[in-house]
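Comments concern the structure below.
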Amino acid sequence: MRNAERAEAQTCVTGREDSVVTSERSRAGTKEWIARHSYNVRICHWINVIACGYLLVSGIHIFLDFPELYWGHTGYQGYPAIFKLSDWGISWDDAGAMGNRMWGRNYHFTFAWVFLINGLMYVGWNMVTGQFRDRMLPRRDELTLVNLRADLRDHLRWLARKRTSTTSYGTLQKTSYLLLIFVFVPLLTLTGLAQSPGFTAAMPALLDMFGGRQSARSLHTIGTVLLVLFVVVHVLEVLAAGAFNRVRSMITGKHPLPEEGL
Amino acid sequence: MSKTKTMPTLDLGARPRRVSRRALLSSVPALGGLLLTGCSRDTFVPPMVRGGLIGIADVLTMSTNRLLLSGQPLAREYQPSDIAPDFPTWGQTNPRDEKYQRLLRAGFADWRLPVSGLVERPLSLSLDDIKRLPSRTQITAHVCEQGWSAIAQWTGAPLLQVLNAAGGVTSGARYVVLDTVDGWYEGIDMFEVVHPQTILAYRMNGDDLPIGNGAPLRLRLERQCGYKNLKFLKSIQVVDSMADFGKGTGGINSDWGFHWYAGV
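So the sequence lines, in the order shown, correspond to chains A and B.
Taking our numbering, the leading residue of the first sequence gets 1, the next gets one more, and so forth.
Taking our numbering, the leading residue of the second sequence gets 1001, the next gets one more, and so forth.
Structure follows, in structure tokens:
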């Protein structure tokens, strides 16, 4: 059984060999290296880490200033809420005392711009260089039920390390990145804009799209929680796949090839 | 058949002889914004730009907003059924200022709003004077920077009408500074001043403006956050620079560290 799995994994890797970008002999020794991440991906990835860090902390800061969620166009203390932090033992005053909201607002809107410009740069760059097509778009043969099921099973059984290739992304990985970049992040951005009196005056559709300013605020918050969960899984995957090599490859771009094919 | 939505135009008694901001102010309020402010920096950049990334982001946010708003669209107006049953009162709810309390007891009969600075005829308006000006009623959402929002109906005189009562602004006018009885002040630029929904409200949900909501007169600036919507107005002046007010950032909130442009 184990051998069979191994063999299967082996073909997985060889099947993906066409997507190897370059490989070169390391000057240091016999280790073989592969160029795993382009400049673009590396630069944008770390700018994104900084921007998202600031967005999260400043976002929590803003949320604590009014730690209640509502649905529709209206929401204020005394109106029926869908979530209240005070129900969980933290009073509004306590939450508000965790900081002044200028800090949160200033940094949230500053790093929203960093996040947006960085994201557009990343997407544009990868479109032009064809990286999305080559590395992110799942191939047709990858999108079979059998393959997806195997990929999912491996993830659940913590076999990602053995199964993931150093040269390309897995199918679930590709799919989740694409959904994140082209569906989830745009929605998170729009739910943010839908709370702005300026942007909603210019684009009233933002208000209707999410069923109201307060709905947008609630979705923005729920979306943030989901995004944090995504990052948790992302980091766990990196740990499972070998944190040192993976993180190094996101800095230097180079990843050592496994010694014996896998 | 669909009706094309047009901006309500304000009759301001155009004075075509003057080719000044004032003429533009009084003749083309509906096109107002960009015509009036033209290539003006004020439309896109706060009176004082902060340092660092935050300052860059401030300018990006304001200029993006203003480009998108260049047609001067109205903020969403709601139905009477959307009006909040118990609109929150926030911040100052009853100024302890002695003079204010005296005016309040007299039903604001002796209350006056001085309109001064770069206007043709500086004057002092009573509440009745303001109520006699053409009025506008709007049901809009108050969007607090904290995150809450509530809908109310506001009736008041467009700020433009108030300035017009003083003969309009003279050349060099860049900001309208509003002072309150509790010591707050905010400068707003001409792009907001000419907007039809920028009103000095004296009625809320059909009644006189309650004390907690800023009686007898408050600013409604529907495309910016709550903190720019000053309550308890005391005076208005038209100026060519915000440098001499507070720390020179353009308003008390930005003196404290908030964005001066509060469209987000």
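Glycine is no exception: its CB is placed at the ideal position from the N, C-alpha and C atoms.
Check                                                                                                                                                         : Outcome
Between B/Ser1235 and B/Pro1114, is the Cβ-Cβ spacing less than 8 Å?                                                                                          : yes
Comparing C-alpha positions only, which one of A/Arg42, A/Lys31 and A/Pro67 sits nearest to A/Ile90?                                                          : A/Pro67
Determine which residues of the stretch 1229-1261 of chain B have a Cβ less than 9 Å from any Cβ of chain A, and write them out in chain order.               : Asn1253, Trp1256, Gly1257, Phe1258, His1259 and Tyr1261
Can you list, in chain order, the residues of its chain whose CB lies under 6 Å from that of B/Val1193, leaving out five sequence neighbours each side?       : Leu1159 and Val1176
Considering only residues of the same chain and omitting the five flanking positions on each side of A/Leu178, which have a CB-CB separation below 7 Å?       : Met136
Tell me, please, whether the stretch 130-149 of chain A touches the stretch 65-84 of chain A by the rule of three or more beta-carbon pairs shorter than 8 Å. : no
In three-state DSSP terms, what is A/Pro256?                                                                                                                  : strand
In or out: A/Lys174 buried (at least 16 other Cβ within 10 Å) or exposed?                                                                                     : buried
What residue does the beta strand (DSSP E) around B/Ala1165 start on, and which one ends it?                                                                  : Looking at the DSSP string, B/Ala1165 is not in any beta strand (DSSP E); the run it does join, the alpha helix (DSSP H), is Leu1159 to Ala1165.
In angstroms with no decimal places, state the Cα-to-Cα distance between A/Asp208 and B/Leu1069.                                                              : 18 Å
Indicate the three-state DSSP secondary structure (helix, strand or coil) for A/Phe83 in the structure shown.                                                 : strand
Kindly say whether B/Glu1145, judged by its beta-carbon, lies nearer than 8 Å to any beta-carbon of chain A.                                                  : yes
For B/Ala1268 versus A/Thr110, is the C-beta spacing smaller than 8 Å?                                                                                        : With chain B represented from 1001 up to 1264, any question about residue 1268 of chain B goes unanswered, as that position is not in the structure.
Among all the DSSP beta bridges, which residues are the ones paired with B/Val1115?                                                                           : B/Leu1123 and B/Ile1236
Taking only beta carbons into account, state which residues of the stretch 108-135 of chain A come closer than 7 Å to chain B, listed in chain order.         : Phe109, Thr110 and Trp113
Using a Cβ cut-off of 8 Å (strictly closer), state whether A/Ile251 contacts chain B.                                                                         : no
Taking 8 Å as the cut-off, decide whether the C-beta atoms of A/Trp33 and A/Pro258 are in contact.                                                            : no
Relative to the C-alpha of A/Ala216, which residue among A/Ser58, A/Gln195 and A/Phe83 is closest?                                                            : A/Gln195
Listing by chain order, which chain B residues have their CB less than 9 Å from the CB of A/Ile62?                                                            : Glu1145, Gln1146 and Gly1147
Name, please, each residue of chain A whose Cβ falls closer than 8 Å to the Cβ of B/Arg1223.                                                                  : Pro197, Gly198 and Ala201
Quick check on A/Tyr39: buried or exposed, where buried means 16 or more other Cβ atoms within 10 Å of its Cβ?                                                : exposed
Quick check on DSSP: helix, strand or coil for A/Ile90?                                                                                                       : coil
At the 8 Å Cβ level, is A/Asn106 part of the contact set with chain C, yes or no?                                                                             : In the displayed structure, chain C is absent; the protein chains listed are A and B.
Strictly under 8 Å for the Cβ-Cβ distance: is A/Leu187 near chain B by that measure?                                                                          : no
Taking Cβ positions only, does A/Met98 come closer than 8 Å to chain B?                                                                                       : no
Cβ of B/Asn1065 less than 8 Å from any chain A Cβ?                                                                                                            : yes
Name the chain B residues that come within less than 8 Å of A/Met102, Cβ to Cβ?                                                                               : Trp1256, Gly1257 and Phe1258
Quick check: the Cα distance between B/Asp1102 and A/Gly192, rounded to an integer number of angstroms?                                                       : For the sequence presented, residue 1102 of chain B should be read as Arg rather than Asp. Going from the Cα of B/Arg1102 to the Cα of A/Gly192 covers about 44 Å.
Return yes when at least one heavy atom of the ligand ZN lies under 7 Å from the C-beta of A/Gly59, else no.                                                  : Among the ligands in the structure shown, none appear at all, so the ligand ZN cannot be discussed.
For B/Asp1110, which residues in the same chain have their Cβ closer than 7 Å to its Cβ, ignoring the five residues on either side in sequence?               : Leu1103
So is A/Thr191 in contact with chain B if we call contact Cβ pairs under 8 Å?                                                                                 : no
Which residues, in chain order, does the stretch 218-250 of chain A contribute to contact with chain B at a C-beta distance below 9 Å?                        : none
Any idea what DSSP makes of B/Leu1178, helix, strand or coil?                                                                                                 : strand
Using the Cβ count rule (16 or more neighbours within 10 Å means buried), how would you classify B/Trp1260?                                                   : buried
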